[in-house]
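S.K.:
2 protein chains.
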Amino acid sequence: MPNEKFPQKKSLHEKDGITQPNHVNQNSIKNIQNFRKKKIDVDALIQRLIQGDIPSLSKAITLIESTNIAHKEQANLIVQACLPYANNSVRIGITGVPGVGKSTFIEAFGTYLTSIGKKVAVLAVDPSSSISKGSILGDKTRMEDLVKNKNAFIRPSASGESLGGVSRKTRESIILCEAAGFDIILIETVGVGQSETAVHSMTDFFLLLNLAGAGDELQGIKRGIMEMADAVIINKADGDNLKHAQNAKLDMNRALHLFPLKDSKWQPKVLLVSAFYNKGIEEVWQLLEAYFKLVKANNFFEENRNNQNAYWLKETINEQLLSNFYQNTEVNRYLQSAERAVQNNEKSPFTAANELLALYKEHHTFNKNE
Amino acid sequence: MPNEKFPQKKSLHEKDGITQPNHVNQNSIKNIQNFRKKKIDVDALIQRLIQGDIPSLSKAITLIESTNIAHKEQANLIVQACLPYANNSVRIGITGVPGVGKSTFIEAFGTYLTSIGKKVAVLAVDPSSSISKGSILGDKTRMEDLVKNKNAFIRPSASGESLGGVSRKTRESIILCEAAGFDIILIETVGVGQSETAVHSMTDFFLLLNLAGAGDELQGIKRGIMEMADAVIINKADGDNLKHAQNAKLDMNRALHLFPLKDSKWQPKVLLVSAFYNKGIEEVWQLLEAYFKLVKANNFFEENRNNQNAYWLKETINEQLLSNFYQNTEVNRYLQSAERAVQNNEKSPFTAANELLALYKEHHTFNKNE
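For the record, the sequence lines run as chains W and G.
Reminder that position 299 of the first sequence reads as 299 in the UniProt record's numbering, one-by-one numbering, no gaps.
Reminder that position 340 of the second sequence reads as 340 in the UniProt record's numbering, one-by-one numbering, no gaps.
1. Using DSSP bridges, identify the partner residues of W/Glu196.
2. With a threshold of 8 Å between beta carbons, is W/Pro55 in contact with chain G?
3. Answer yes or no: do G/Phe276 and G/Glu227 have a C-beta to C-beta separation smaller than 8 Å?
4. Which residue from G/Asp126, G/Tyr112, G/Leu359 and G/Asn332 puts its Cα closest to that of G/Thr170?
5. Rounded to whole angstroms, what's the CA-CA distance from residue 372 of chain G to G/Lys347? Just pull it up for me.
6. Can you tell me which residues form a DSSP beta bridge with G/Leu271?
7. Would you mind giving the Cβ-Cβ distance between G/Asp230 and G/Phe205, rounded to the nearest angstrom? I have them listed as a contact below 8 Å.
8. Let me know the secondary structure DSSP gives G/Tyr360 once reduced to three states.
9. Expressed to the nearest angstrom, what Euclidean distance is found between the alpha-carbon atoms of W/Leu335 and G/Glu178?
10. Look up W/Asn354 in the DSSP assignment and give the residues it is bridged to.
11. Suppose you measure from the CA of W/Lys269 to the CA of W/Lys262; what does that come to, to the nearest Å?
12. Going by CA-CA distance only, name the one from W/Pro98, W/Leu163, W/Ile174 and W/Ser103 that's closest to W/Ala121.
13. As a quick exercise: from W/Glu330, W/Glu303, W/Asn354 and W/Thr189, pick the residue whose alpha carbon is nearest that of G/Leu321.
14. Any residues in the stretch 339–352 of chain W with a beta carbon nearer than 9 Å to a beta carbon of chain G? Which ones, in chain order?
15. Should G/Ser162 be labelled buried (16 or more other beta-carbon atoms within 10 Å of its own) or exposed?
16. For W/Trp266, go through chain G and note every residue whose CB falls closer than 8 Å to its CB, in chain order.
17. Taking the CB atoms as reference points, tell me whether G/Leu186 and G/Gly280 lie closer together than 8 Å.
18. Can you confirm whether G/Asn151, when its beta carbon is compared against all beta carbons of chain W, has any partner nearer than 8 Å?
19. Quick one: what does DSSP say G/Val171 is sitting in, helix, strand or coil?
20. For the beta strand (DSSP E) containing W/Thr95, list its first residue and its last residue.
21. Kindly indicate if chain G contains any beta-carbon less than 8 Å away from that of W/Ala248.
22. Let me know if W/Leu313 comes out buried or exposed under the rule of 16 or more other beta-carbons within 10 Å of its beta-carbon.
23. Please report the straight-line C-alpha distance between W/Ala44 and W/Ser58, rounded to a whole angstrom.
24. So, with DSSP's three-state summary, where would you put G/Glu188?
25. According to DSSP, simplified to helix, strand and coil, what is G/Val120?
26. Based on the DSSP secondary-structure assignment, which residues constitute the bridge partners of W/Asn210?
27. With H, G and I counted as helix, E and B as strand and the rest as coil, what does DSSP make of W/Lys133?
28. Between which two residues does the beta strand (DSSP E) harbouring G/Phe153 extend?
29. Relative to the C-alpha of G/Tyr311, which candidate in W/Glu339, W/Val273 and W/Asn344 has its C-alpha closest?
30. In chain order, what are the residue ranges of uninterrupted beta strand (DSSP E) at least 3 long that sit wholly in the stretch 31–83 of chain W?
31. Which residue marks the beginning of the alpha helix (DSSP H) containing G/Ala290, and which one marks its end?
32. In three-state DSSP terms, what is G/Phe300?
33. Our contact map puts W/Ile233 next to W/Glu196 with C-beta atoms below 8 Å; I'd like the distance itself, whole angstroms only.
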């Protein structure tokens, strides 16, 4: 079909002074130029990132967090290129309910770590931030000193996504931070949901922050989190609170000893800290050093990372398979009534499941020749 | 194509005394007759089962456990027919490591329950039995008195299947036992694996059997099981062991208090029992009565059962979706090398996952017009 907007002039009718319209669409030229420019930018970005350039690291993480398909492709290239430079760090998960003083602790702990020559990156996993729009995790304004420190990198939580999405972004950000030369990665989360399991599955050491309370220190902490902890830190162990904190330490130690021995063979410890008064911070690092000495000697460190990689492979696959099913229009149309029938004992869960699976099979959009 | 074995004789050549071969395949006739017979049997079976006939209950559970497709269809009919008669029972999960005395406890507890007019069914979830071929769960020979009791029904664990398969069979068996008038269902499992979560998800009350040991009572118990327990029973609390058991009770009570409050609002209790000497058995039932009074009043009982039904609906769907993927020939061919690449940090888990998903999409056998 001839181009109606820019009709091709025949040579017979050609007049001087009229510019011949270009056969190639100007937008395509621009796109190709942009693509080439971006391709070059990505290579340069990777080079700068690996040399430890912080703005490049920030930019790369922004690409990871983007929902734009072109950005995603670039992000994949960057992650792939960074992989050989990653893994030379320790990854520490930090959790605790709001108010326990996570930001103050990270400020104090991070500052101490940089003072002994470490490079510290602070990331966060907080899928709730997309809902509350008010997440304080990784909030730079609450870490005034650390944010100015040239050996620290603080990145607020990726938002607007499922836990799976946030986890992927954080895991990939870890790789970039490591490639950029950060040797201690702190990953913060809030102790109230599933995100702890995600953080536990991407870190080498899991630290639970707590306060001394009125005998029921664990009431606010979600089931299972206590069992994941490699260390419990009782924060705000200062002034009038010190005595309470010491009692809480005894209780907590007893509770930790009742749990089965961890695969790492590490016996979790309880430490008293006053992040505000900068007390007990060095002891936390000493504890971590003892842990890493143990798990690097008994090979748990490496095995655990291998298992974590395998875990995220399967986790990503499973999440995708299930979300394909549950986001299917036909499945969605009947899921609620199936749930009702099952809850009212009109149908066995197994019968209802088979019916929904048959429906999915019928209305599935997978295409063999796609 | 003409039948070579029984060639159709033409009328011209027909001789007297030769029987005309039947056009209808004799096997088909037999199958249809069998099907009609079985169909009638199923209806009669259901009627007898609902009237409390034990051989019919046994036969129906055998159909549930069968891998034969015709049996499965019959089993589905029976379960569906039993649903309106089910749910009038309490379902109690019982776990504990081997050697803790589960069979002895169930023998004593079951016998006590029948003595106060209850009808008791004992089922088991033990996916390992298919591997070890030596499961003692639900072993009738270890419950000599109970097996002779006309108000008790003991069914050994279904075997030869995945946890998902065993769970489904046990859940459907619960429905049949309830329809047959059993008002207390004891579901036994061994405290070493994932089967506890399955049993916890199909029972109203979760009972952990334990022994008094040398301070590390929980070392043998898998993580998370302690948190699921609504009661911990310290068995063999007799003779020289009594003092140890009393100390263990104190320790255990303290540990249980450190866990967050359960959704049921029930505070788990610790009891001393000597199943062998038949001591403390009545107290277990009193505890259960207190529990059921609480959770029926605060509606947790019903909510929990509704949630469990919804859980099994999703669990069945999810298991099926994932097993379709992981049993796919093409996926299987590449999964191991993908895992290796991920473990060696040659590929990010997310890249490898997307590659496998694309492969699955390509070689998927779902068919829109099937």
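By construction, the Cβ of each residue, glycine as well, lies at the ideal position given by its N, Cα and C atoms.
M.R.: In short:
1. Answer is none; W/Glu196 lacks a bridge partner.
2. no
3. no
4. G/Asp126
5. Outside the modelled stretch of chain G, which goes from 1 to 370, sits residue 372 of chain G, for which no answer is possible.
6. G/Ile233
7. 5 Å
8. helix
9. 27 Å
10. Its beta-bridge partners do not exist; DSSP assigns none.
11. 12 Å
12. W/Ile174
13. W/Asn354
14. Glu339, Val342, Gln343, Asn344, Asn345, Glu346, Lys347, Ser348, Pro349, Phe350, Thr351 and Ala352
15. exposed
16. None at all; the shortest Cβ gap to chain G is about 14 Å.
17. no
18. no
19. Note on residue identity: the sequence assigns Arg, not Val, to residue 171 of chain G. Note: G/Arg171 maps to helix in three-state DSSP.
20. Val90 to Thr95
21. no
22. buried
23. 14 Å
24. strand
25. strand
26. W/Ile234
27. With a pLDDT of 40 at W/Lys133, under the threshold of 50, the modelled position of this residue cannot be trusted; read the value that follows with caution. Residue state, collapsed to three classes: coil.
28. Ala152 to Ile154
29. W/Glu339
30. none
31. Ile281 to Ala297
32. helix
33. Actually they do not touch by this definition, with Cβ atoms about 15 Å apart.
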